[in-house]
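Residue numbers (numbering that gives the first Met the number 0), protein chains in the order written: chain X, 0 to 109; chain S, 0 to 134; chain G, 0 to 230.
Comments concern the structure below.
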Amino acid sequence: MRVFSGQRAWLLQRFSAIAILVLLVLGIVRLAMSDGTAYERWHAIATSTHGVVLILAFFLSMGLHGWIGVRDVVLDYVHAPSLRLPLLAVIAFILVAVQIRVAMILLGQP
Amino acid sequence: MQRQAAAGGAARSLPKFLNLAQIRFPIGAIASILHRVSGVLLAVSLPLLASALAESLRSPQGFDAVVHAATRSWFAPLLFIGAWALVHHIFAGVRHLFMDAGFGYRLPQARTSAFVSIAAGIVAALLWLLAWGLR
Amino acid sequence: MRVSIYRFDPDVDQRPRMQDYDVELRHTDRMLLDVLLRLKEIDDSLSFRRSCREGVCGSDAMNINGRNGLACIHPVSELKEPVVLRPLPGFPVVRDLVVDMTQFFSHYHSIRPYVVDDRPMPERERLQSPEERERLNGLYECILCACCSSFCPSYWWNPDKFIGPAGLLQAWRFITDSRDTARSERLAFLDDVYRLYRCRTIMNCTEVCPKGLSPSHAIEQIRTALVKDSS
Numbered sequence: 000m001r002v003f004s005g006q007r008a009w010l011l012q013r014f015s016a017i018a019i020l021v022l023l024v025l026g027i028v029r030l031a032m033s034d035g036t037a038y039e040r041w042h043a044i045a046t047s048t049h050g051v052v053l054i055l056a057f058f059l060s061m062g063l064h065g066w067i068g069v070r071d072v073v074l075d076y077v078h079a080p081s082l083r084l085p086l087l088a089v090i091a092f093i094l095v096a097v098q099i100r101v102a103m104i105l106l107g108q109p
Numbered sequence: 000m001q002r003q004a005a006a007g008g009a010a011r012s013l014p015k016f017l018n019l020a021q022i023r024f025p026i027g028a029i030a031s032i033l034h035r036v037s038g039v040l041l042a043v044s045l046p047l048l049a050s051a052l053a054e055s056l057r058s059p060q061g062f063d064a065v066v067h068a069a070t071r072s073w074f075a076p077l078l079f080i081g082a083w084a085l086v087h088h089i090f091a092g093v094r095h096l097f098m099d100a101g102f103g104y105r106l107p108q109a110r111t112s113a114f115v116s117i118a119a120g121i122v123a124a125l126l127w128l129l130a131w132g133l134r
Numbered sequence: 000m001r002v003s004i005y006r007f008d009p010d011v012d013q014r015p016r017m018q019d020y021d022v023e024l025r026h027t028d029r030m031l032l033d034v035l036l037r038l039k040e041i042d043d044s045l046s047f048r049r050s051c052r053e054g055v056c057g058s059d060a061m062n063i064n065g066r067n068g069l070a071c072i073h074p075v076s077e078l079k080e081p082v083v084l085r086p087l088p089g090f091p092v093v094r095d096l097v098v099d100m101t102q103f104f105s106h107y108h109s110i111r112p113y114v115v116d117d118r119p120m121p122e123r124e125r126l127q128s129p130e131e132r133e134r135l136n137g138l139y140e141c142i143l144c145a146c147c148s149s150f151c152p153s154y155w156w157n158p159d160k161f162i163g164p165a166g167l168l169q170a171w172r173f174i175t176d177s178r179d180t181a182r183s184e185r186l187a188f189l190d191d192v193y194r195l196y197r198c199r200t201i202m203n204c205t206e207v208c209p210k211g212l213s214p215s216h217a218i219e220q221i222r223t224a225l226v227k228d229s230s
């Protein structure tokens, strides 16, 4: 995939890493600053528009960052194309499925 | 591990020395391989994280179930591996970000930051076990 | 001194083996290369490359007690016994401590290790300011000994596609040379998931360079140049 070639993949990995860090900190701060029981705080964030967008962004960043990272691992150790291509396909599928599942969970709430 | 000799006409495969146990790795290499291991562990845990998200939002009981699983179930102490992976990966990753930006790329500083990354992960794992022990 | 050496004779051995020696040293034997030459007196079937004996030709690069280095500038006083000598990791072994450097050199050639300037020749020389010449320090001194590339895990896993620290350091040496005019082609050549981007900044290269160079830093500068040039 051209999107993940050389420099682009390297940059995307750095950007997604920073995004994850920022979102993690934002999330923790938000949770700490809100009121109520643990469940109430969590539920409030996860059902607000801001919360949904940020949690989605978090999982998307994790998915991208994870894809680039795991792809590097496969490119390093798995050389036979007959093994490598199916392996990468399966991993990509699982990561995309996670994104869809997370979107459905967050957006399917009342 | 075998390779044909490129020139000189040798028809057989030549051996290679690549016994990792006999190679003395610098601390940066240790931090690096652990960065990779922790990364793979975290990637593999993504589907699990998605499930935890779903369960935690289903109902107050679902939320409690997730908290219980993470803190009081039989595998809660084993999550020290997750704590280690998360903290090591973040520290080692931030170390790379600083080096990319031009800070701490010289050998003495790089060795120190590698040591700090490794130590941070171990401390996180110990803290997790301590917290679980004191629950 | 007790020395254990990796032995492999393609005409005789099916598999490599380790051979132990006990060698008497003279007080004038200061470097590991001197020890090896004493061993040659005991067993002259032992094969290793050596030439300048002063750390500038790069011939006697080998794995010394688990870390790569040059035998001729590795002091005997710093050697822990038993001294274990093996060939450079990951490179095909021709015989004993002699490895096949063909692939290593082909990567070096692939990065065009020469100033490229197809414009009409200047009347006298191509001028370079002291500041511009400064930029080559820490890069031109590479002796192509292969200590770095043979200690790089990324190079072990993909020696045919990853250029390796030595080749990349030389690539940067020419990219940053003010007299060169092929900067964008050089950078475009390197912008590849394998050629440059197998590097994970493990920094094994910089740890073992016997000339004190930093291939990892040169590689970092190539990545920065790629980002700058594309923005």
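Built from N, CA and C at the ideal position, the CB exists for glycine as well.
Computed from a predicted model, the values in this text were never measured in an experiment.
Residues of chain X whose Cβ lies closer than 9 Å to the Cβ of Ser153(G) are, in chain order, Asp75. In this structure, the beta-carbon distance from Ser37(S) to His95(S) does not fall below 9 Å. Contact check for Met202(G) against Ala100(S) fails: the beta carbons are separated by 9 Å or more. Taking 9 Å as the threshold, the shortest C-beta distance from Ile22(S) to chain G falls below it. Residues of the stretch 1 to 13 of chain X whose Cβ lies closer than 8 Å to any Cβ of chain G, in chain order: Phe3, Ser4, Gly5, Gln6, Ala8, Trp9, Leu10. For Val92(G), no alpha helix (DSSP H) encloses it; the enclosing beta strand (DSSP E) starts and ends at 92 to 94. At least one beta carbon of chain X lies nearer than 9 Å to the beta carbon of Trp156(G).
With contacts defined by Cβ atoms closer than 9 Å, Leu69(G) and Ile4(G) do not form a contacting pair. Here Leu82(X) is exposed: its Cβ has fewer than 16 other Cβ atoms, across all protein chains shown, within 10 Å.
Here DSSP, grouped into helix, strand and coil, assigns Tyr154(G) to helix. Within chain X, Gln6, Trp9 have C-beta atoms less than 8 Å from the C-beta of Arg222(G), given in sequence order.
Collapsing the DSSP output to three states places Lys227(G) in a helix.
The Cβ atoms of Thr180(G) and Arg134(G) do not sit closer than 9 Å to each other.
Straight through space, the alpha carbons of Phe103(G) and Leu31(G) are spaced by roughly 24 Å.
Here DSSP, grouped into helix, strand and coil, assigns Lys15(S) to strand. At a C-beta separation below 9 Å, Arg100(X) has these neighbours in chain S: Pro46, Ala49, Ser50, Leu52, Ala53. For the stretch 195 to 211 of chain G, residues whose beta-carbon sits nearer than 8 Å to a beta-carbon of chain X comprise Leu195, Tyr196, Arg197, Arg199. When 8 Å is used as the limit between beta carbons, His95(S) is near these residues of chain G: Thr200, in chain order. Counting along the chain, Ser3(G) sits inside the beta strand (DSSP E) bounded by residues 1 to 6. Not one beta carbon of chain S lies nearer than 9 Å to the beta carbon of Ser148(G). Under the 9 Å criterion on CB atoms, Phe92(X) is classed as non-interfacial with respect to chain S. Between Asp63(S) and chain G, the shortest Cβ-Cβ separation is not below 9 Å. Ranked by how close their Cα comes to the Cα of Ile63(G), the residues Ser50(G), Pro9(G), Pro81(G), Gly54(G) have Pro81(G) in first place. Apart from sequence neighbours up to five positions away, the residues of its chain that approach Trp171(G) with a beta-carbon distance below 7 Å are Leu138, Ala217, Gln220, Ile221, ordered along the chain.
Nearest to Cys198(G) by alpha-carbon distance, out of Val207(G), Trp155(G), Asp10(G), Glu184(G), is Trp155(G). Fully contained in the stretch 54 to 138 of chain G are the following beta strand (DSSP E) runs of length 3 or more, in chain order: 60 to 63, 66 to 69, 82 to 85, 92 to 94. Judged by beta-carbon spacing, Leu24(G) lies within the 9 Å limit of Val34(G), meaning their Cβ atoms are closer than that value. At a cut-off of 9 Å between beta carbons, Glu219(G) contacts chain S. Per DSSP, the beta-bridge partners of Gln18(G) are Ile4(G).
Here the alpha carbons of Val207(G) and Tyr20(G) stand approximately 26 Å from one another.
Proximity of chain S to Gly54(G) at the Cβ level (cut-off 8 Å) is not reached, the minimal Cβ distance being about 19 Å. Listed along chain G are Pro88, Gly89, Trp155, each with a C-beta nearer than 7 Å to that of Leu17(S). The DSSP-derived three-state label of Met30(G) is strand. Non-local beta-carbon contacts of Arg134(S) in its own chain, meaning distances under 8 Å to residues more than five positions away in sequence, involve Thr70, Arg71 in chain order. Inclusion of Gly163(G) and His106(G) in the CB contact set at 9 Å is warranted, their separation being smaller than that value.
Between the C-alpha atoms of Ala8(X) and Val226(G) there is a straight-line separation of about 12 Å.
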